[in-house]
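The next block holds one structure in the form of structure tokens; read it before the comments.
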Amino acid sequence: MSFTPLYAAWVIQKLGNLQKTDENLSDLKIRIGDTQFHCHRFHMSACSEFFRVLLGIEESKENDTKPVDVSEPVVVLTIKGIESDTFENILGSIYRAENNLTEQNMIDLWHAVSDLQINFLVSECEEFIMNKISLSNYLNIYESAVLLKSERVLASIYPFLVKHYRDFITSQTFFAMSLEWFEDFLHKCGSAIQPPDLLVESIIAWVSHVPETIPGQENGTDLPKQSDMLNSNKKKRKQKTEKGEELDDANTRKLTEVVFVKVHGKDGIKAKPIGADTRRSHVGTLLKETNLALVSRECLKTLLETDIVMDRKDAREFVNKTVAQRMESQVPENPNVTEKPLARFYLCIVM
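Be aware that the sequence shown starts at 1, since it is given in UniProt numbering, and climbs by one per residue.
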């Protein structure tokens with residue numbers, strides 16, 4: 001017997017109706033704020049790797065989630081860090097195949113389904129978001145792509161950052177970038193930035209930037225390193241009892257609380273100040289991701305006059321090497337003049 005799409009749609013419709021109308025069949029109750037959702041272990045486990053681990057069907061790959069006691073007829077779970085309307089939209093998708101994605105909720109849904117490890121919805125969110133990148137949302141999308149280590153969205157948004165680079169480098173998101181992510185961007189997109197002087201200017205701006213520390217925000221969050229994100233999710237998950245105690249032995253508790261610690265919001269990521277010395281120590285590394293042979297004479301002159309560059313041996317040597325190469329390749333405009341203009345300029349600066 002073969003099953004047609006019509007049959008699949010019928011099954012989804014019936015299952016979705018039961019989830020909404022028949023609470024007696026629910027063996028998994030999920031509380032978010034003042035709202036309680038009646039779900040089913042079988043269905044949630046089929047859709048979500050997170051629930052498969054939580055309900056003891058699979059072992060955690062990261063050993064950060066303890067299974068709950070499933071011997072009770074009904075498992076009650078409290079989730080914090082995901083809004084109730086967001087979770088309701090997720091249930092609508094996995095129970096009734098509803099498409100609830102909008103430009104207003106796409107970031108929150110993307111974070112939530114990533115936390116819950118509902119991979120097919122993660123893909124749907126990414127596809128939707130990649131088609132909605134605009135000047136009004138690209139910073140939030142980029143931050144989220146970094147936090148969620150989404151190579152698909154990063155590959156899609158990098159050309160947008162290149163196109164609007166002059167705007168991007170004035171944003172808090174730019175100055176909150178970690179060294180590793182700035183290097184990654186320069187390596188993949190640096191050659192596309194026009195004019196080349198703009199790329200050099202942005203590097204000097206990033207290494208020179210000293211963010212102000214806002215009282216109460218000293219423990220903000222940098223855009224994280226790639227290596228950190230390979231070993232953990234965007235949000236750290238904690239299991240607690242309803243009273244907030246740490247869950248030492250999940251098998252002794254009937255009520256479990258899972259907290260997803262949010263690091264994103266309306267205003268984006270709170271940037272944790274990166275020390276000025278730390279930034280400046282990497283100016284040479286960052287400049288080596290550029291092609292100084294293409295920059296203007298004025299840009300080279302600025303680099304030679306910039307203490308942040310000249311105080312670092314690797315940066316100074318890299319710039320001097322470029323100047324020397326330009327001197328060697330430059331042909332005098334007047335054949336009767338043996339001294340090259342750039343050579344005169346270089347000697348003037350160095351001396």
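Just so it is clear, CB atoms sit at the ideal spot from N, CA and C, and this is done for glycine as well.
Counting only residues of its own chain and dropping the five nearest sequence neighbours on each side, I193 has a CB closer than 7 angstroms to the CB of V162, Y165 and L199.
Under DSSP, the beta-bridge partners assigned to R31 are Q36 and T78. Taking a C-beta distance under 7 angstroms as the contact criterion, V70 and L55 qualify as a contact pair. In its chain, beyond the 5 residues on either side, M44 and S45 have a beta carbon closer than 6 angstroms to the beta carbon of F51. When rounded, the separation of the alpha-carbon atoms in A155 and P73 is 46 angstroms. Per DSSP, reduced to three states, the secondary structure at V259 is strand.
The Cβ neighbour count for S123, taken over all protein chains shown within 10 Å, is under 16; the residue is labelled exposed. Taken through DSSP and simplified to helix, strand or coil, R326 comes out as helix. Taking V309 as the centre and dropping the five residues before and after it, the same chain places the C-beta of V283, L303, A315, R316 and V319 closer than 7 angstroms to its C-beta, in chain order. Judged by DSSP secondary structure, D108 falls within the alpha helix (DSSP H) whose first and last residues are M106 to D115. Residue state for V210 is assigned as coil, using DSSP reduced to three classes. Nearest to L116 by C-alpha distance, out of S48, H40 and L179, is S48.
Sequence-distant partners of D167 (beyond 5 residues in either direction) whose C-beta falls short of 8 angstroms from its own C-beta, in its chain, are L135. Take the alpha-carbon of A112 and the one of T86: they are about 8 angstroms apart. Between the beta-carbon of I30 and that of I79 there is about 6 angstroms, and that keeps the pair under the 8 angstroms contact cut.
Sequence-distant Cβ neighbours of S93 in its own chain, meaning closer than 7 angstroms and more than five residues away, are N100 and L121.
The closest CA to that of A97, considering only Q104, N105, E103 and E88, is found on E88. Counting other Cβ atoms within 10 Å of its Cβ, F42 stays below 16 and is therefore classed as exposed. For Q172, the enclosing alpha helix (DSSP H) begins and ends at Q172 to F175.
Assignment of L139 by DSSP, reduced to helix, strand and coil, places it in the helix class.
Here G33 is exposed: its Cβ has fewer than 16 other Cβ atoms, across all protein chains shown, within 10 Å.
The residue from E201, L148 and T290 with its alpha-carbon nearest to that of T170 is E201.
By the C-beta density criterion, T35 is exposed, having fewer than 16 other C-beta atoms within 10 angstroms.
Per the coordinates, the alpha-carbon of V210 lies some 31 angstroms from the alpha-carbon of F260. Ranked by Cα distance from D197, the options T102, C299, E183 and E305 are led by C299.
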